[in-house]
Amino acid sequence: MDQLLLVFMTVAEKKNFSRAAEELHMTQPAVSQCIQTLERTVGSRLLDRTNKYVRLNKAGEIVYHHAKEITGLYTKMQCLVDDLTNKASGELSIGASYSFGEYVLPHIIAYAKKHYPLIKPVIKIGNTKEIERSVANRQLDVGIIEGEFQHERLVFESFAEDKMYVVAAAHHHLAGRKSIKLAELKEEMWIVREEGSGTREATEKMFQLLEQPPDQLMEFGSTQIIKESVEAGLGISLLSQWAIRKEAATGSLAILKVKEAPITRKFSLVTTTDPFQPKVVEILGQLLRNDFADTVPKVEI
């Protein structure tokens, strides 16, 4: 890896020359010299410096973004070479959207660690758009999202189905009804995820079945907050079977018997279009394709 880029990224992340020098086991003058050399090479100052802070300027943000991609490619290259002779091992950075990442992925990781103990998973949870972007920029080795999409730099492969149900508080006036028309939910307060979320996309598709979308929407950025809000009686929501598995079993959330539900969507594996993938990525893909049903608990709703 280019030493200048490594020093630059460390200064940018630590926001301090002294802390960067300590991290890199270098002297502060040596760190300053590396930054000056890199700035001369690219022909622009990259950092704004004062007595109180060090931070990236616009040119620095551009260099930092590409430096991260370059170092990611270097690491991937080394892993691919190592894979030719060694067993699957090393760090595997996985990005997952909230429903899958918080309620399904832990079971996948536990299974993978049992069978491939040398793999070291590093997990990032975000909404679908954030995970797509991070994989495309090579900041993540692989992503797992809800839904099926297209992207010129990414490959999407669906590997399992997810069912989504309309849920309400146990004391909701529609709870216990044997049959509910979707149109009856038009006047209800809907609690939804933010734009860019796979759950929000599925909810919007359900809204398209109505002549007019609901007038009352409350938006939250976390499935857990939505569940708590629904349970408290603030409104209703459309959530994954995995997210409500425990609450449905205990009765703290009621599944409304809506004729148009459940809504079905796909879980998809996201990788780059690179012709070579690290062995750890290939193993995760094989596990999801072949062993998904055996790695996760059964959902009975």
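Taking full-length UniProt numbering, I'd label the letters of the sequence shown as residues 1 to 301. From the three backbone atoms N, C-alpha and C, an ideal C-beta is built for every residue, glycine too.
By the neighbour-count criterion, in which 16 or more other beta carbons inside 10 Å mark a residue as buried, L209 falls on the exposed side. By alpha-carbon distance to F207, the top candidate from G176, A160, E260 is E260.
DSSP, reduced to helix, strand and coil, places V42 within a helical segment of the structure shown. In chain order, S93, G95, S134 place their CB closer than 6 Å to the CB of L140, counting only its own chain and leaving out the 5 sequence neighbours on each side. DSSP places E211 in the coil class of the three-state scheme, outside both helix and strand. One Cα belongs to I123, the other to D2, and the distance between them is close to 26 Å.
Scanning the UniProt domain "HTH lysR-type" (1-57) for uninterrupted beta strand (DSSP E) segments of 3 residues or longer gives 47-49, 54-56, listed from N- to C-terminal end. Three or more Cβ pairs closer than 8 Å define a contact, and the region 42-59 meets that threshold against the region 12-21.
Non-local C-beta neighbours of V281 in its own chain, meaning closer than 6 Å and more than five positions away in sequence, comprise D141, V142, ordered along the chain. Shown here for M9: same chain residues with a beta carbon closer than 6 Å to its own, the five before and five after excluded, namely A67 in chain order. Note that the C-beta distance between Y165 and L217 is not below 9 Å. Of M26, T71, T223, S44, the smallest CA-CA separation from K58 is found for S44.
Secondary structure of P275 (DSSP, three-state): coil. Within the same chain, and ignoring the five residues on either side of A136 in sequence, the residues whose Cβ sits closer than 6 Å to its Cβ are R153, L154. DSSP places I236 in no beta strand (DSSP E); its state is neither H nor E. Taking C-beta separations shorter than 6 Å and ignoring five residues to either side along the sequence, the partners of T271 in its chain run V142, V155, following chain order. By the 16-neighbour rule on beta-carbons within 10 angstroms, R177 is exposed. Membership of K259 in any beta strand (DSSP E) is not indicated, and neither H nor E is assigned to it by DSSP. Between S268 and I145, the C-beta gap is smaller than 9 Å, which places the two residues in contact.
The Cβ atoms of L174 and L256 sit closer than 9 Å to each other. In this structure, the CA atom of T273 is about 34 Å from the CA atom of T37. The Cβ neighbour count for Q241, taken over all protein chains shown within 10 Å, is at least 16; the residue is labelled buried.
Residue pairing from DSSP places W190 in a beta bridge opposite L217, I236. Going by C-alpha positions, A30 is about 45 Å away from E195.
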